Amino acid sequence: MIVVVVAVGLVLAVRQLNRDPRPPTAVSSPASASSPASSMPAVPTPGATASSIPFVSSSDGAEGVWTITKVSWSDSGAEISMTIKVTKGTLYGYSFYVMENDSTRIHEAEPQGWPDDISGGSIRSGQTVSGRIFVDMAKVESTVVLAHDNGMSPITALLLPV
1 MIVVVVAVGL VLAVRQLNRD PRPPTAVSSP ASASSPASSM PAVPTPGATA
51 SSIPFVSSSD GAEGVWTITK VSWSDSGAEI SMTIKVTKGT LYGYSFYVME
101 NDSTRIHEAE PQGWPDDISG GSIRSGQTVS GRIFVDMAKV ESTVVLAHDN
151 GMSPITALLL PV
């Protein structure tokens, strides 16, 4: 029950972060300010979902960045490609699960035996691991959770693009 409450809290926090009510503002750099024919500055697309997030694990002190690089949907589920970069400490015993945003139904990542399967493990400081996970689920608005202890201790979460 506690895991569901924490996971729902993470989903709400991620959704709130992606719904910033302030309008995007353009930021000019010194190089673009001196160039009269510079192109338009990059402005975030309204409603865009985050695909990368820094993390700090309270249980082992690991810090780094987690990035979803690609999501491929099929009739049997979602194949999610990602990168985890650990910049401090060791990320011990990580795992993933996906929670449907409307129903809060949980789906665990299922190891597929792929050479680049990263559905669980440990990563030391200075290492970057790239690979895929598979989750058997319907294509619905969901949140992917990076966790410890087979999902019992959430670290952070990202919205899963549909």
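The opening position of the sequence shown corresponds to residue 1 in full-length UniProt numbering, with each subsequent residue numbered one higher.
Even for Gly, the Cβ is constructed at its ideal location relative to N, Cα and C.
Owing to the predicted nature of the structure, the values given are computational and were not obtained by experimental measurement.
Using only the heavy atoms of the ligand MG, determine whether one of them is closer than 7 Å to the beta carbon of GLU100. The ligand MG is not part of the structure shown, which contains no ligands of any sort.
Beta-carbon contacts of HIS107 that lie in its chain and below 7 Å, excluding the five residues immediately before and after: TYR97, VAL98, VAL135, ASP136, MET137
Does GLY151 come out as helix, strand or coil in the three-state DSSP assignment?
helix
_Let's test the definition: count the other Cβ atoms within 10 Å of the Cβ of THR128 and tell me whether it reaches 16, buried, or not, exposed._
exposed
- Query: Secondary structure at ALA109, three-state DSSP: helix, strand or coil?
  - Reply: coil
- With a floor of 3 residues, list each beta strand (DSSP E) that falls wholly inside the segment 71 to 105, ordered by position along the chain. 77 to 88, 90 to 100
**Prompt:** For SER122 versus LEU158, is the C-beta distance shorter than 8 Å?
**Reply:** no
- Message: Please list the terminal residues of the continuous beta strand (DSSP E) segment that includes VAL140.
- Response: Counting along the chain, VAL140 falls outside any beta strand (DSSP E), and DSSP gives it neither H nor E.
Measure the alpha-carbon distance for THR143 versus ILE53 and round it to whole angstroms. 13 Å
- Message: Mapping the DSSP letters down to three states, classify PRO161 as helix, strand or coil.
- Response: coil
| Proximity to VAL140 [Cα-Cα], best of GLY93, THR67, SER51, ASN101 | ASN101
| Within 8 Å, strictly: CB atoms of SER119 and SER95 | yes
Inset, instruction - On the DSSP bridge assignment, give the partners of SER122 in chain order. - result: According to DSSP, SER122 bridges with nothing at all.
- [ ] Provide the residue(s) that pair with TRP66 in DSSP beta bridges, ordered along the chain.
- [x] ILE53, ILE84
- Through-space distance from ARG105 to SER72, alpha-carbon basis: 20 Å
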